[in-house]
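Start counting the sequence shown at 11; every next residue gets the next number (the working numbering). Structure first, then comments.
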Amino acid sequence: MEKFDVIVIGGGPGGYLAAERAAQGGLKAAVVEKRALGGVCLNEGCVPTKTFLYCAKQYAGAKHGADYGVNIDNVTFDHAKVVSRKAKVVKTLVSGVGATMAANGVKVFMGEAVIDGKTADGFKVNVGADAIYADRLIIATGSVTAVPPVPGLKEGLASGFVMTNREILDMTQLPKSLVCIGGGVIGLEMACYLATVGVKVTIVEMMDKIAGPTDRDICTNLMNTYKKEGMEFCLSAKVLEVGKDSVTYEDKDGKHTIACEKVLLSAGRRAFTQGIGLESIGVLTERGAVVTDKQLRTNVPNVYAIGDCNGKSMLAHTAYREAEVAVNTILGKKDAVNYDTIPSVIYTTPEVAACGLTKDAAKARGMNVKEVKAPMMYSGRYVAETMNGDGFVKLVYDTDKNRLVGVHIVGNYASEMIYGAAMMLETELPAEQLKKFVFPHPTVCEVIREALFKL
Numbered sequence: 011m012e013k014f015d016v017i018v019i020g021g022g023p024g025g026y027l028a029a030e031r032a033a034q035g036g037l038k039a040a041v042v043e044k045r046a047l048g049g050v051c052l053n054e055g056c057v058p059t060k061t062f063l064y065c066a067k068q069y070a071g072a073k074h075g076a077d078y079g080v081n082i083d084n085v086t087f088d089h090a091k092v093v094s095r096k097a098k099v100v101k102t103l104v105s106g107v108g109a110t111m112a113a114n115g116v117k118v119f120m121g122e123a124v125i126d127g128k129t130a131d132g133f134k135v136n137v138g139a140d141a142i143y144a145d146r147l148i149i150a151t152g153s154v155t156a157v158p159p160v161p162g163l164k165e166g167l168a169s170g171f172v173m174t175n176r177e178i179l180d181m182t183q184l185p186k187s188l189v190c191i192g193g194g195v196i197g198l199e200m201a202c203y204l205a206t207v208g209v210k211v212t213i214v215e216m217m218d219k220i221a222g223p224t225d226r227d228i229c230t231n232l233m234n235t236y237k238k239e240g241m242e243f244c245l246s247a248k249v250l251e252v253g254k255d256s257v258t259y260e261d262k263d264g265k266h267t268i269a270c271e272k273v274l275l276s277a278g279r280r281a282f283t284q285g286i287g288l289e290s291i292g293v294l295t296e297r298g299a300v301v302t303d304k305q306l307r308t309n310v311p312n313v314y315a316i317g318d319c320n321g322k323s324m325l326a327h328t329a330y331r332e333a334e335v336a337v338n339t340i341l342g343k344k345d346a347v348n349y350d351t352i353p354s355v356i357y358t359t360p361e362v363a364a365c366g367l368t369k370d371a372a373k374a375r376g377m378n379v380k381e382v383k384a385p386m387m388y389s390g391r392y393v394a395e396t397m398n399g400d401g402f403v404k405l406v407y408d409t410d411k412n413r414l415v416g417v418h419i420v421g422n423y424a425s426e427m428i429y430g431a432a433m434m435l436e437t438e439l440p441a442e443q444l445k446k447f448v449f450p451h452p453t454v455c456e457v458i459r460e461a462l463f464k465l
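This is the structure:
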């Protein structure tokens with residue numbers, strides 16, 4: 011019998027960091043992963059898609075080099091090389107995670123974990139033919155692609171006509187046309203990549219806007235930018251059927267059928283909690299997600315759930331923070347997750363980044379807020395580096411409490427700027443104090459300062 015202080019089920023971002031932090035805190039830790047260390051984010055999500063998008067950005071830069079005095083003839087794009095580069099990046103980073111586990115004394119079990127109740131020796135977890143035990147469990151099983159009950163969808167997935175984020179990242183030959191079912195973050199990023207390198211892309215989205223809860227003005231900005239690239243958007247549209255070479259949807263004008271070579275299913279993700287034995291110890295779930303508090307505790311003492319499987323915020327960096335809070339709680343350190351100050355990014359071109367509440371979300375909470383908007387053209391660096399850019403920063407300000415509650419950005423470097431905005435929200439400093447911060451010149455982030463002075 012092998013006994014641990016804590017077993018982490020799932021080796022994605024939250025899982026491997028939880029195991030690392032637990033080991034650093036003096037606990038004997040194990041992590042169980044059924045596919046590959048790094049989870050969805052590292053192997054078939056965040057990192058691979060950013061590799062693709064960076065390659066597309068280089069291609070676009072070469073195509074439009076003449077705008078900046080760089081003349082290049084006959085620019086071509088080799089998608090197969092992009093896939094090969096992606097594989098190398100993933101391999102390097104996965105190896106790094108394994109090395110980190112070893113360096114911290116975390117024992118890694120590769121296989122499918124199933125909780126098999128609680129015994130006198132602690133929680134029992136079966137990994138294949140082996141049984142391991144621990145006084146505490148951290149559930150970090152992640153999420154899977156949601157497959158809505160659309161006729162023909164499962165058949166399309168079986169034939170390869172329909173792809174999820176997993177299959178599309180290994181596709182070595184680009185289709186001439188693609189329909190993306192869903193206009194959320196995952197769909198938008200891949201649609202951005204494909205449209206940039208010449209694929210005819212149509213996005214079919216059931217909501218009246220793309221990018222989920224993102225600020226509506228930013229969604230419009232992003233959509234208008236990609237319409238110029240030839241991308242088409244079908245909003246407030248319900249997919250009725252997936253054929254052998256087409257997608258049929260319905261909107262206010264009736265039924266429409268789009269012929270295409272491939273389909274990307276990007277209709278959201280759902281927490282993966284089935285078949286791991288949660289019922290054997292009575293862990294509470296709602297709509298498939300594990301119910302947790304701000305310390306990531308479940309209803310069962312000494313059992314925690316972090317990352318996508320609790321359904322709170324399906325972002326890798328949220329899982330990182332949740333991992334730290336869960337381990338700190340185990341170690342007796344006071345900590346809690348503030349979900350209102352977790353930033354999010356869409357790595358399209360232009361980039362989109364946000365932290366906190368939109369004006370509408372703040373008003374729905376009963377807040378009295380003021381909103382200001384500053385164009386990126388206020389930044390000298392933005393003007394120098396961007397042709398015909400129309401990015402902006404939007405601040406949402408709580409007038410009663412005299413503090414920022416939301417920052418929303420569309421434009422170059424948004425992903426690298428948003429952490430500063432998150433710190434502004436987390437510290438709850440008043441606007442007059444924030445105005446005293448010195449921003450380096452010339453930088454794009456100066457536009458945040460300009461927006462602060464418009465409050």
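Ideal placement from N, C-alpha and C gives every residue a C-beta, glycine not left out. Model, not experiment: these values are computed from the prediction.
For S256, the enclosing beta strand (DSSP E) starts and ends at S256 to D261.
Comparing alpha-carbon positions, the option among V457, N412, D410 and P452 lying closest to G430 turns out to be V457. The C-beta distance from I19 to V154 rounds to 15 Å, too long to fall under 8 Å, and the pair is not in contact.
The Cβ atoms of A46 and A39 lie no closer than 7 Å to each other. Between I148 and Y314 the beta-carbon gap is near 5 Å, inside 8 Å, which marks them as a contact. For F14, the enclosing beta strand (DSSP E) begins and ends at E12 to I19.
Using a C-beta cut-off of 8 Å, the segment 251-271 makes no contact with the segment 284-292, since fewer than three inter-stretch Cβ pairs fall below that distance. Residue pairing from DSSP leaves F447 without any beta-bridge partner.
Of the residues assessed, A364 falls on the buried side of the cut-off, its CB having 16 or more other CB atoms within 10 angstroms. The residues G35, in chain order, have a CB closer than 7 Å to that of L341 in the same chain once the five nearest residues on each side in sequence are set aside. With a 10 Å radius around the Cβ and a threshold of 16 neighbouring Cβ atoms, R375 comes out exposed. Within the same chain, G20, G22, G49, V50, F282, G317, D318 and C319 come within 7 Å of G152 by CB-CB distance, once the 5 residues on both sides are set aside. As for any beta strand (DSSP E) of minimum length 3 sitting wholly inside the segment 220-282, the runs are 242-244, 248-252, 256-261, 264-269, 272-275 and 279-281, ordered along the chain. Excluding the 5 residues flanking it on each side, R459 has same chain C-beta neighbours closer than 6 Å at F449, in chain order.
By the Cβ-count criterion, A205 is buried, with 16 or more other Cβ atoms from all chains shown falling within 10 Å of its own Cβ.
Between the beta-carbon of T328 and that of L435 there is about 15 Å, and that puts the pair past the 8 Å contact cut. Each residue's CA atom was taken as its position, placing L275 and A156 some 9 Å apart.
With respect to the C-alpha of Y423, the residue from D83, P360, V382 and G197 having the closest C-alpha is P360.
For V80, the number of other beta carbons within 10 angstroms of its own is below 16, and it is reported as exposed. Apart from sequence neighbours up to five positions away, the residues of its chain that approach D345 with a beta-carbon distance below 8 Å are Q305, E334, V335, N338 and T339, ordered along the chain. Your pair M427 and C455 checks out as a contact, with CB atoms roughly 5 Å apart and the cut at 8 Å.
Restricting attention to K404, R413, A394 and L245, the CA atom closest to the CA of N378 is found in R413. The bridge partners DSSP lists for D140 are V137.
Cβ-Cβ distances below 7 Å link I286 to I19, A123, V124, I125 and T151 in the same chain, with the five nearest sequence neighbours on each side left out; the list follows chain order. Its chain contains V252 as the residues whose beta carbon lies nearer than 6 Å to that of L163, once the 5 sequence neighbours on both sides are disregarded; these appear in chain order. Across the structure, F171 and V249 are spaced so that their CA atoms are roughly 16 Å apart. Look at C455 here: in three-state DSSP terms it is coil, with no helix or strand label. Sorting V273, G278, A269 and C244 by C-alpha distance to the C-alpha of K262 places C244 at the top. With fewer than 16 neighbouring CB atoms inside 10 Å of its own CB, R297 falls in the exposed class. Sequence-distant Cβ neighbours of S425 in its own chain, meaning closer than 6 Å and more than five residues away, are V355, E361 and A363. In the structure shown, the three-state DSSP call for A384 is strand.
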